[in-house]
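Take the sequence shown: its position 185, counting from 1, is numbered 189 in my numbering, and each next residue is one higher. Positions of the beta carbon are idealized from the N, C-alpha and C atoms, including for glycine.
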Amino acid sequence: MRNIRLGAVLLACSFCAGGESFVLKPSETARMEITVEKTGLLSGKKHLFVFEQWSGTLQFPPGKPEEAVVNLSIQTNSIRCLDTWVSAKDLRKIEETALKDMLAADRFLQITFRSDLVRKSEGGDHQVRGLLAIRGLAKPVSVSVTMKPDAGESIRFDGNASVRLSDYGLKPPSAILGAIGTKNEMLLRFTVVATPVPD
């Protein structure tokens with residue numbers, strides 16, 4: 005099924021039974037993941053992390069899709085590493101580093117995103133601009149999003165954004181005196197389904 009322009013989707017949804025509010029939550033088809041590439045001796049390898057717990061809302065005034073607002077909260081302690089190329093022992097170390105050193109999940113319980121602008125890009129996708137807060141520090145990011153209708157009146161969103169660790173005061177992890185490193189950029193990718201809130 006072909007992608008539908010954001011303006012058309014949101015405008016159509018303004019006439020949906022249920023009104024202006026949608027919810028975002030985990031499901032069998034939803035996914036929230038981060039990919040981090042290695043450097044040095046492990047160049048070409050990637051760490052794949054997923055977040056198992058998150059929630060969000062989509063709200064907009066009827067007939068004004070450009071004023072749509074997305075709010076998303078991700079539980080930091082729900083991060084899991086899905087690498088299949090490391091040992092079980094190393095997998096535990098990678099998760100521990102992500103939880104303690106990078107996310108400080110014991111002090112910062114959530115990663116949050118709030119949009120402030122939606123606009124169509126030349127390629128037919130849409131750019132959703134907003135503030136992404138990691139470890140309590142909010143920085144502007146631009147998320148590339150495509151969408152298509154899902155079951156009933158729901159809408160499926162697929163998107164990605166590139167985020168630099170250094171923007172949040174984080175130093176890319178390294179090992180063996182720097183012979184094994186991590187790129188500064190990490191790729192956030194997601195598939196979420198927005199479901200109308202019943203009247």
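- Secondary structure in the region 83-107: the beta strand (DSSP E) runs of 3 residues or longer, each lying completely within the stretch, are 83-85 in chain order.
- With 16 or more other Cβ atoms inside 10 Å of its own Cβ, L62 counts as buried.
- Among the bridge pairs identified by DSSP, K42 is matched with T186.
- Annotated as proximal: Q79 and F55, with beta-carbon spacing under 9 Å.
- Out of K29, E24, E32 and L141, the CA that lies nearest to the CA of D171 is found in L141.
- Distances from the CA of R133 to each of L86, V122 and V196 were compared; the closest alpha carbon is that of V122.
- Where S158 is concerned, there is no enclosing beta strand (DSSP E), because DSSP gives it neither an H nor an E.
- Its Cα nearest to that of D129, the residue F161 stands out among G44, F161, T43 and M190.
- Between the C-alpha atoms of S146 and L192 there is a straight-line separation of about 11 Å.
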